Amino acid sequence: MATAKKGQVRVITGNAVGAYGAMVCRPEVIAAYPITPQSEIAEQLAQFKADGTIDAEYVEVEGENSAMNVVLGASAAGARVFTATSSYGLVFMYDALQEASGFRAPIIMVNANRETPGIHAVSSGQQDMISARDTGWVQIIVENDQEILDQIIMAYRLAEDNDILLPVMVNYDGFYLSYLAEAVEIPQIEDVDAFLSPVKKQPPRQRLIPGLPIGYGTHGIEMGYVEARYKHCQALERVKNKVDEIDKAFGEYFGRSYGGQIEEYRMDDADIAIVASGSAAGTAKTVVDDKRKEGVKVGLIKLRLFRPFPAEKLVKALKGKKAVGVIDRALCFGWKYGPICTELKALTADFGPMPVLSYIDGLANLDITIPHIGRVIDEVGAAARGKPYQDVTWIPME
Amino acid sequence: MVIKHKNIFTTESPWSNSDKVLLCLDTGSWRTERPVLDIAKCNYCGLCSLYCPPQCMKDMGDHYEVNLAYCKGCGICATECPRKAIMMVPEGEFSHGNS
Amino acid sequence: MVEATKKRNRVFDYFCQDDPFAGGVAWCAGCPLELTARFTAKVLGKNMVLVGTPGCAAPVLHGQNVGAWHKQAYMASVMTGVPSKATGLSRYFNRTGQDATVVCFTGDGCATDVGFQPLSGAAERQEKFIYLAYDNEGYMNTGNQRSSATPLGAATTTTPVGKVRRGKPNAAKNMPIIMLMHRPRYMATATLSHLEDFAKKLQKAQAMCKEGFVYLHVFSPCPVGWRVDSNMSIEVCRTAVRTNYFPLWEAEDGKPRLTVEVSSPKPVTEFTKLMRKFSHLKEDGIAELQKQVDERYALLKSLVDAANNYNLIKQGNTKEVD
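Residue numbers (the numbering used here), protein chains in the order written: chain A, 60 to 457; chain B, 75 to 173; chain C, 6 to 327.
Have a look at this one:
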């Protein structure tokens, strides 16, 4: 079966990767507003446009709210679109995020995770993604620069599928990945076109056409509203299997695959598990390997799909284990535990009973270090053996 | 869950199509008075039609006649007519069935 | 009948399609906005794509479930997103060679207040669409709350008349001049009493939005909110022009010229007496309002003169400019 040709390898930062990811997917309208730690994406895209490397409309908007609205308008007219933001930018476009998903627009946005609202901070954390989790978007978290690029390509194939038609947010750790230069293989544009051709070959989605009496964003009255919401939620459910299918197809075509909704790392024969996401998951794999050498039967679940929450996959992965520790890089206001832990705890009845330990770490550019993760594994192990444990630990505070 | 609801939208997202459903209100029932034309004074200038907000003046070839289905009785036509050819008459003076 | 006028009123010649709105829609009796919407649609034609937003226009511009009240393509938006959605639409239509006139149709509440930032951004970038703001000097659809276009002294539900405060304590933003300072490709003020003036401006707007940003500011009184008898809506518009309360002008590339010259403007009391939103104003309040009207007109006149002088200099005339 057909496979892609070798791509060009470049050593570029995560932000630049975001721009290259957009470039190879050939969006038609791009609007982005600079915000630390994402500004380089807006700059790189502007340079691509100035050099003629991309042929998109590039709108230098005056704010993030405008950025999301510009791509939403263009998407309503049928365009493939792209935007990028972080932190306060994401929150500034909050009303537009709601419209984007409610109107079922297949928008792709990269979000360089950064601490958000409450107190000012220009540092890494997942709070921005968490504060947008009820916007109805698909949210995926990636671990390294290559995965940023690959996930952008997969995101277009997911979003523009007529069966899905939902906006997709690709999250990567600001500062840790945005400014980190790694060797990344950039696929050839023809190969990306080929990979995205299934969505191009579908019957075109409904669009605004001048002269036709068709309107977008009609006022949902009573059951019209309920029906639209129901369809939206059903589409989000369909995302789960689609993510796995697309990941498999990507692996077959490009030779790189990430596990789909979650990646299970050494989980098969594990007794205990830890759950992590983003760049911390990469570090966690190293620690899991070290602990394994010491005889600890631990596995890692790297959470990739955050919205919709991959409930079924997590239940299946955790069933039969003895304890699980969840590392959160954000807070869940109103709950003691971190946000991902809180959501996982909702499934305890299905995969448990077992101790579920919450760890809050990695806020404000404080590293989630190898010793930290080692300690998490030790404590989860102790909990599995029946020792008393803390249900939530703020690692930096101790 | 057994779904009994019959879909209102044929599309996944909320689109309207006024070729399928063009909504319309019975705004003629709003008015409390209606314009009555004195044809002798009319010079067919068309200002009543141009200024009518709901655009409900019908061109009859040599004068304009109001479409009572949609006239809200605002009285702009009567005020703007340069010949004072239109009078606003209370609805009460027209019995049921008389137009 | 009296002898028919030999020629049809010229305004009829500006229409290029029948009224695409349904016969009965939920606008108040005598509402100039209803006339604005239907008139604009008839002049701009089938390929006009509307971007509407909450306000007096939304209940008619936006659909309800599968149905809609008119036959134009439209996109609904919250107030913060109108010009940006229009940007995305117009950029894509132009890029794909589709003939479209994208028109943002918003009230003064959106244009001067909550939606001002993106409007200013789109104007600065010279995005190729028309932004039409109908100015009824307040948030009328939600019951007559003040906006930054509400004039000095006016009574609204959020600037009511009581013992301690009597109406809006500060003047309105001079929105047309603010937009002039963005140097849009074309902009104009218009109102419903001067229909041929409005029609010409709409046609110019349609042509010039292919080259850059177009802003139209339409004076559209609210009979309900301002307490004006419904049959007097057009007369209020006319009087606004004749008192210089709302001068009619246009500007290409930031150079204004008057389109209707008022040789002897009437005192502002001719305008305020037609409505009850100013009825609590005493002599000093009226004098303040008159002063504001005069100052604004003087500013406009000086900009018109400056533009004129500039044109003469460009043409090589050595007219002295002080």
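Every residue gets a Cβ at the ideal spot worked out from N, C-alpha and C, and that includes glycine. Please read these numbers as outputs of a predicted model, since none were measured by experiment.
Return the first residue and the last residue of the beta strand (DSSP E) that residue i is part of.
i, result
"C:Asn141", "Note, C:Asn141: premise wrong, no beta strand (DSSP E); not H, not E."
"A:Leu67", "Looking at the sequence provided, one finds Gln at residue 67 of chain A rather than Leu. It spans 67-72 - the beta strand (DSSP E) in which A:Gln67 sits, taken as one unbroken run."
"A:Glu116", "116-118"
"A:Gly341", "Element bounds for A:Gly341: not the beta strand (DSSP E) but the alpha helix (DSSP H), 338-352."
"A:Ala240", "240-245"
"A:Glu323", "321-324"
"C:Thr196", "191-196"
"A:Ile333", "331-335"
"A:Thr62", "Here A:Thr62 belongs to no beta strand (DSSP E), and DSSP marks it neither H nor E."
"A:Thr452", "451-453"
Looking at the strands, I want to know which residues DSSP matches up with residue i.
i, result
"B:Asp133", "B:Tyr138"
"C:Leu263", "C:Trp254"
"C:Gly2", "A query on residue 2 of chain C cannot be resolved here, the shown segment of chain C reaching from 6 to 327 and no further."
"B:Asn91", "A:Ile273"
"C:Asn249", "Note: C:Asn249 sits in no beta bridge, so no partner."
"C:Val71", "Per DSSP, none; premise fails for C:Val71."
"C:Tyr136", "C:Cys109, C:Tyr220"
"C:Trp231", "Beta-bridge pairing links C:Trp231 to no other residue."
"C:Arg171", "C:Val166"
"A:Asn230", "A:Asn170, A:Ile200"
"C:Gln150", "C:Tyr144"
"C:His199", "Beta-bridge pairing links C:His199 to no other residue."
"A:Thr112", "According to DSSP, which records beta bridges pairwise, A:Thr112 is partnered with nothing at all."
Let me know the secondary structure DSSP gives residue i once reduced to three states.
i, result
"C:Val30", "coil"
"C:Val241", "helix"
"C:Asp327", "Caution applies to C:Asp327, whose pLDDT of 46 falls short of 50 and renders its modelled position unreliable; the value that the coordinates give is listed next. Three-state result, C:Asp327: coil."
"A:Asp250", "helix"
"A:His291", "helix"
"C:Leu286", "coil"
"B:Pro164", "strand"
"C:Phe276", "helix"
"B:Trp104", "helix"
"C:Val7", "coil"
"A:Gly358", "strand"
"A:Arg366", "strand"
"B:Pro109", "strand"
"C:Thr163", "coil"
"C:Thr101", "coil"
"A:Thr95", "coil"
"A:Met82", "helix"
"B:Val76", "coil"
"C:Thr117", "helix"
"B:His153", "The amino acid occupying residue 153 of chain B in the given sequence is Thr; His does not appear at that position. The answer is helix: DSSP assigns B:Thr153 an H, G or I state."
"C:Gln122", "helix"
"A:Phe141", "strand"
"C:Leu157", "coil"
"B:Leu96", "strand"
Note the first and the last residue of the continuous alpha helix (DSSP H) segment covering residue i.
i, result
"C:Met184", "180-185"
"A:Asp387", "Not the alpha helix (DSSP H): A:Asp387 falls in the beta strand (DSSP E), residues 382-387."
"C:Thr45", "37-49"
"A:Ile89", "A:Ile89 -> not in any alpha helix (DSSP H); beta strand (DSSP E) instead, spanning 88-90."
"A:Val129", "123-135"
"C:Val16", "Careful: C:Val16 lies outside any alpha helix (DSSP H) and carries neither H nor E."
From the beta carbon of residue i, is the nearest beta carbon of chain D less than 8 Å away?
i, result
"A:Leu255", "Included in the structure are the protein chains A, B and C, with no chain D among them."
Ranges of the beta strand (DSSP E) found wholly within the region 143-212 of chain A, counting only runs of at least 3: Counting only runs of 3 or more, we get 167-172, 197-200.
Between the region 325-340 of chain A and the region 259-270 of chain A, do three or more beta carbon pairs fall short of 8 Å? no
The region 235-245 of chain A / the region 63-73 of chain A touching (three or more Cβ pairs under 8 Å): yes
Please list the segments of the alpha helix (DSSP H) lying wholly inside the region 392-443 of chain A, counting only runs of 4 or more residues, in order along the chain. 398-404, 407-410, 429-443
Check whether the region 207-222 of chain C and the region 263-274 of chain C touch, using three or more Cβ-Cβ pairs below 8 Å as the test. Touching, no.
Is it the case that the region 347-359 of chain A contacts the region 266-277 of chain A, given that we only count it when at least three CB pairs across the two stretches are under 8 Å? no
Inspect the CB distances between the region 41-53 of chain C and the region 99-112 of chain C and report whether three or more fall short of 8 Å. yes
Does the contact criterion of 3 or more C-beta pairs under 8 Å hold for the region 98-115 of chain A versus the region 223-232 of chain A? At 8 Å Cβ cutoff, the stretches do not touch.
Specify whether the region 154-163 of chain A and the region 114-129 of chain A touch according to this definition: at least 3 beta carbon pairs, one from each stretch, less than 8 Å apart. yes
With contact counted as at least three CB pairs below 8 Å, one residue from each stretch, are the region 208-225 of chain A and the region 175-189 of chain A in contact? Result no; under three Cβ-Cβ pairs closer than 8 Å.
For the structure I just gave you, are there three or more beta carbon pairs, one from the region 60-76 of chain C and one from the region 248-259 of chain A, closer than 8 Å? no
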